[in-house]
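Residue numbering for the sequence shown follows this note's numbering, beginning at -14 and increasing consecutively.
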Amino acid sequence: MDWNEIVAALAAAQTGKTSEWAGFTEAITVMGGDINAAYELRCGPQSFFVKLNSPDKLPMFEQEAAMLEKLRQSGGLRVPEPLITGVMASHAYIVMEFLAIEPANEQSAEELGEGLARLHQISNAQYGWADTGWLGLSRQPNQPSDNWCEFWRNQRLGFQLRQALRNGIPPHIGSRLELLNSSVEGLLGNHQPVPALLHGDCWHGNCGMDATGRGVIFDPACYFGDAEADLALTELFGGFPDSFYRAYWSVQPRAAEYEVRSQLYQLYHVLNHFNLFGGLYGHRAGTMAELLLAEMGH
Ligand code: ADP
């Protein structure tokens, strides 16, 4: 791997920001990502965080840079600063500020909870986003909409369900999921939350703390939607301590219906996992669908 082109582009982008530019020293693999190759790029005393993928993924990195910028403008939590994106040789790349990220401790989890709640206070006229997103390697439609129930039915649950049917989810589960989606107004029909700025992929692997203990969020899949959808994902794979939820709910009071709606919001991610990884996620989706259908009396 020849890093010189990225380093030259970085040097040009850093002109005026830094007095000395050391040039390439080394690149160290960073583990923990889902879809991209990640590196700490060292240029003398400075470190940068780089993600690489195939050249056709440049729009994905450009979008990630725009989302990181949006999250940074929202204040509150620490978000890595995106620096450059581009294509060199056989790779698309994004380079951003390097942060020594560690799992959140009790105190930074509290900060993350409060910060996420503050993020959710940033609103928009409609649900959605300016362009189609990515959720891992899945696409995530974001066509602007005034109706949350329709947005969720068509662009979230329905979108993943159509793929799951193509990907061979067992027919008896598929038909129950179709019934759930066609009757989803039983759960969301009266629910028109303020369109809130969401991180969109807020599981514990995309949050942490920096070297000073400050809460950090990264790797977003932003859109404007129901704040509860972000919270629901934090609960799906666990990993957030009680201090996170106490802090979150103290800013953004918990609705009684969250208990049920969060199951529906989690189902979207479980179906996405079925579509990406297959296997038992299909059965898990089936069990969740049964609980939600029972809730509606089906
Ligand atoms: P992917 O897009 O492949 O899922 P991530 O954005 O999640 O990759 O990054 C992979 C890992 O790199 C994360 O788990 C995290 O530990 C680390 N990481 C993410 N952003 C930064 C950063 N700005 N500086 C240093 N390390 C980071």
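For glycine and all other residues, C-beta sits at the position ideal for the given N, C-alpha and C.
Expressed to the nearest angstrom, what Euclidean distance is found between the alpha-carbon atoms of residue i and residue j?
i       : j       : result
Ala(-3) : Arg27   : 16 Å
Val15   : Asn175  : 45 Å
Gly171  : Pro126  : 23 Å
Glu349  : Val236  : An answer regarding residue 349 cannot be provided, because it is not within the stretch -14 to 283 covered by the chain.
Ala149  : Ile20   : 20 Å
Thr272  : Gly153  : 17 Å
Ala77   : Ala217  : 32 Å
Ala23   : Met194  : 18 Å
Ile(-9) : Ala7    : 14 Å
Ile69   : Gly98   : 29 Å
Ser75   : Met45   : 16 Å
Gly198  : Ala89   : 8 Å
Lys2    : Ala(-6) : 14 Å
Arg231  : Glu95   : 8 Å
Asn38   : Cys187  : 22 Å
Following the continuous alpha helix (DSSP H) through residue i, name the residue where it begins and the one where it ends.
i      : result
Leu56  : 43 to 58
Met194 : It is not in any alpha helix (DSSP H) - Met194 instead sits in the beta strand (DSSP E) that spans 192 to 194.
Thr70  : Where Thr70 is concerned, there is no enclosing alpha helix (DSSP H), although the beta strand (DSSP E) it sits in stretches over 67 to 73.
Gln31  : Taken as a continuous stretch (DSSP letters only), Gln31 belongs to no alpha helix (DSSP H), being part of the beta strand (DSSP E) at 31 to 38.
Gly1   : Looking at the DSSP string, Gly1 is not in any alpha helix (DSSP H), and its letter there is neither H nor E.
Arg63  : Counting along the chain, Arg63 falls outside any alpha helix (DSSP H), and DSSP gives it neither H nor E.
Ala279 : 266 to 280
Gly171 : 170 to 173
Would you check if the distance between the CB atom of residue i and the CB atom of residue j is smaller than 9 Å?
i      : j      : result
His258 : Pro155 : no
Trp137 : Val169 : yes
Phe34  : Val80  : yes
His254 : Gly223 : no
Leu265 : Gln145 : no
Leu165 : Leu278 : yes
Leu252 : Leu122 : no
Pro40  : Val72  : yes
Trp133 : Gln106 : no
Leu84  : Pro67  : no
Give the range of the beta strand (DSSP E) segment to which residue i is assigned.
i      : result
Leu162 : Per DSSP, Leu162 belongs to no beta strand (DSSP E); it is in the alpha helix (DSSP H), 156 to 167.
Arg27  : 22 to 28
Glu11  : 11 to 15
Ala181 : 181 to 183
Gly210 : 208 to 210
Gly200 : 200 to 202
Checking contacts by CB at 9 Å: is residue i closer than that to chain C?
i      : result
Cys192 : The structure shown contains no chain C; it holds only a single protein chain.
Threshold first: 4 residues or longer. Then list the alpha helix (DSSP H) segments lying entirely within the segment 81 to 108, N to C.
Correct list: 91 to 104.
Could you pull out every unbroken beta strand (DSSP E) segment of at least 3 residues lying fully inside the segment 103 to 154, listed in chain order?
Qualifying beta strand (DSSP E) stretches, in chain order: 118 to 120, 123 to 125.
Every unbroken alpha helix (DSSP H) inside the segment 214 to 244 [4 residues or more]
List check, alpha helix (DSSP H) in window: 227 to 236.
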